[in-house]
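K.L.:
Take a look at this one; I'll ask things after.
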Amino acid sequence: MTMTWNASAGLLGAWPGQRGIEWIAGHPVETLQSVLGLGFVIFVHELGHFLVAKACGVKCEKFYLGFDVGGLKLCSFKWGETEYGIGALPLGGYVKMLGQDDNPGAATAEAHRARAASGDLPAEPTSDPHPAWDPRSYPAQSVPERMAIISAGVIMNVIFAVLMAALAFGLGVREVASGTSAVRPGGAAWRAGLRTGDEIVAVGGTPVTVFKELQKKVTLGDLSKGVGFTVRRPGEEDVREVTLRPDTDGGAPMVGISGPLSLKLPDDLGEGLPGSAGKATPPLAG
Numbered sequence: 001m002t003m004t005w006n007a008s009a010g011l012l013g014a015w016p017g018q019r020g021i022e023w024i025a026g027h028p029v030e031t032l033q034s035v036l037g038l039g040f041v042i043f044v045h046e047l048g049h050f051l052v053a054k055a056c057g058v059k060c061e062k063f064y065l066g067f068d069v070g071g072l073k074l075c076s077f078k079w080g081e082t083e084y085g086i087g088a089l090p091l092g093g094y095v096k097m098l099g100q101d102d103n104p105g106a107a108t109a110e111a112h113r114a115r116a117a118s119g120d121l122p123a124e125p126t127s128d129p130h131p132a133w134d135p136r137s138y139p140a141q142s143v144p145e146r147m148a149i150i151s152a153g154v155i156m157n158v159i160f161a162v163l164m165a166a167l168a169f170g171l172g173v174r175e176v177a178s179g180t181s182a183v184r185p186g187g188a189a190w191r192a193g194l195r196t197g198d199e200i201v202a203v204g205g206t207p208v209t210v211f212k213e214l215q216k217k218v219t220l221g222d223l224s225k226g227v228g229f230t231v232r233r234p235g236e237e238d239v240r241e242v243t244l245r246p247d248t249d250g251g252a253p254m255v256g257i258s259g260p261l262s263l264k265l266p267d268d269l270g271e272g273l274p275g276s277a278g279k280a281t282p283p284l285a286g
């Protein structure tokens, strides 16, 4: 028996997480895009907490992306009464308000920091401001204000998602045209006389412009009577009507048509994602 040693994987195979690290190392652009995208979502969430807390008069001492555990941070600056920064531990973000600390071990010390007058502090935040709390501390705010501050992050994310969805809908996506790049010999389209390059103008009397609409019409069509196609052949002005009876051997109805594809290289190939084609010498051109 011959045993081969792989320096990266060892005798026991790849160690946990190795493939993920290898993918990250080989896809720096996608990794950076993912980090920036996730970071922006966290920023929007924390911004919701921050803005509502400020509107309620709460003193915000820190606004951080990532956690500055042990004081470790990538960068920071102070503007007004708030310190803004990026923590060394990239697992989220937080807004530090006076009198509020999620760490039970630090809650007592934080409560004493938020004291404004002598007297005993309440065991829990009360519905009305307590005279012992600093009026700008989080516990001194009313219940509706505290609820608004805590809920603002999620609400901000929902608003942001709706705005981004509207923007994406407005920009649109690249669709595949409703032509034929290949007709499978012996398939329903082939038997009906369709050939590669034919333009499918309508299906079932309804105009179609993208291949996805064609697929939907075939799936929902009357399989017993067949599906009517309006087709225009390249170089011809007139259209002709054909009826296809989809094959159902594989379960889902199929007519044996592939959407338009192209082997033409894009003009910006060298500027795209890293790969053999993009790094070819001399550069490949369309």
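Per the numbering used here, the very first residue in the sequence shown carries number 1; after that it's consecutive. Ideal placement from N, C-alpha and C gives every residue a C-beta, glycine not left out. All values derive from a computational prediction rather than experimental measurement.
From what residue to what residue does the alpha helix (DSSP H) around R19 run?
P.N.:
Q18 to G26
K.L.:
With H, G and I counted as helix, E and B as strand and the rest as coil, what does DSSP make of R184?
P.N.:
coil
K.L.:
Measuring alpha carbon to alpha carbon, tell me which of G105, S224, W23 and C60 ends up nearest D247.
P.N.:
S224
K.L.:
Could you name the residues of the same chain whose beta carbon sits closer than 6 Å to that of G197, not counting the 5 residues immediately before and after it, in chain order?
P.N.:
Closer than 6 Å at the Cβ level, and outside the excluded window around G197, lie P234.
K.L.:
I'd like the list of long-range same chain contacts for I155, defined as Cβ closer than 7 Å, with 5 residues on each side in sequence excluded.
P.N.:
Only G48 meet the Cβ criterion.
K.L.:
Indicate whether the contact test is met: 3 or more Cβ pairs, each with one atom in the segment 69-79 and one in the segment 144-153, closer than 8 Å.
P.N.:
no
K.L.:
Rank K217, L194 and K212 by C-alpha distance to the C-alpha of G205 and give the top, closest one.
P.N.:
K217
K.L.:
Are G85 and Y64 touching if we call contact CB-CB under 8 Å?
P.N.:
In this structure, Y64 lies closer than 8 Å to G85 by Cβ.
K.L.:
For the candidate residues I200, G170 and G37, whose alpha-carbon lies nearest to that of V183?
P.N.:
I200
K.L.:
Of the choices A202, E241, D222 and T209, whose alpha-carbon is the least far from that of A192?
P.N.:
E241
K.L.:
According to DSSP, simplified to helix, strand and coil, what is A148?
P.N.:
helix
K.L.:
Quick one: what's got a C-beta closer than 6 Å to G26's C-beta in the same chain, skipping five residues either side?
P.N.:
none
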